[in-house]
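> What follows is a single structure, and I will ask about it in a moment.
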Amino acid sequence: MIIFVNGAFGVGKTTVAELLVQRISDSLLYDPEIVGMGLRSIVQPIVTFDDFQDLPPWRPLVVETARYLLKTYERTLIVPMTLWYPAYFLEIMDGLRTFEPQLFHFCLTATESTLRKRLQNRPSSPQAFAWCCERIERCITAFQDDMFAVQLASDDRTPEDLVAEILSHVSMK
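To convert a position in the sequence shown, counted from 1, into my numbering, add 955.
Structure representation (structure tokens):
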């Protein structure tokens, strides 16, 4: 099984994912950002880019890494990642579905003011903070699309509440 936790930067994906790993026995946290950072360090000398998600190898590497993690460790994958661009989202979701029919996608949502407050309280460099803030509006707009369902509003909810709701959806299947 794969539980994909999507949402804007600062919405609480990683916190929710870490709690899910604690609550689901035989699960594994798989953060595709690590794949992106590795790819960035490899190609940065020869390619200029602003977002590693735009690098053509990143999306298939995310899917193949998930495939090998599932095959090798036979554990539920918990995947926190901001995937707002529809074409990239569909490419990754379609790729994951080719080998894992139990794919659940949840999109955490929040207002712009909530996201900005959370990002301000998160330890990061001024450049990382600015980069995330520049993407808030496009994420909020994109995540209104039905393709990003099941949507869970996170503004006034604890991470534990969100985890309980995710687990109720997963256990119904």
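The beta carbon of each residue, even a glycine, is placed where N, CA and C say it ideally should be.
If you're wondering where the values come from, they're calculated on a predicted model, not measured in any experiment.
Are there 16 or more other CB atoms within 10 angstroms of the CB of Gln977, so buried, or fewer, so exposed?
exposed
> For Val1105, does the count of other Cβ atoms within 10 angstroms reach 16, so buried, or fall short, so exposed?
exposed
> Among Asp986, Leu1051, Phe1007 and Asn1076, whose alpha-carbon lies nearest the alpha-carbon of Arg995?
Phe1007
> Could you give the distance in angstroms between the alpha-carbon of Met1102 and the alpha-carbon of Val1125?
18 angstroms
> Report the residue ranges of all beta strand (DSSP E) runs contained in full by the stretch 986-1012; include only those spanning at least 3 residues, in chain order.
none
> If you follow the beta strand (DSSP E) that Leu1032 is part of, which residue opens it and which one closes it?
Thr1031 to Pro1035
> When we look at the beta-carbon of Ile958 and count the other beta-carbons within 10 Å, is it buried (16 or more) or exposed?
Buried is the call here.
> Using DSSP with H/G/I as helix, E/B as strand and the rest coil, what is Ser1109?
Coil.
> Do Phe1084 and Leu1070 have their C-beta atoms within less than 8 angstroms of each other?
no
> Going by Cα to Cα distance, which pick from Glu1092, Glu1029 and Asp1100 is closest to Glu1067?
Of Glu1092, Glu1029 and Asp1100, the residue nearest in Cα terms is Glu1092.
> Alpha carbons only, please: which of Glu1120, Ile1095 and Asp1100 is nearest the one belonging to Val966?
Ile1095
> Secondary structure at Val966, three-state DSSP: helix, strand or coil?
coil
> Assuming Ser982 contacts Leu975 under a Cβ cut-off of 8 angstroms, what Cβ separation, rounded to an integer in Å, is found between them?
7 angstroms
> Among Pro1015, Thr1003 and Met956, which residue has its Cα nearest to the Cα of Lys1026?
Met956
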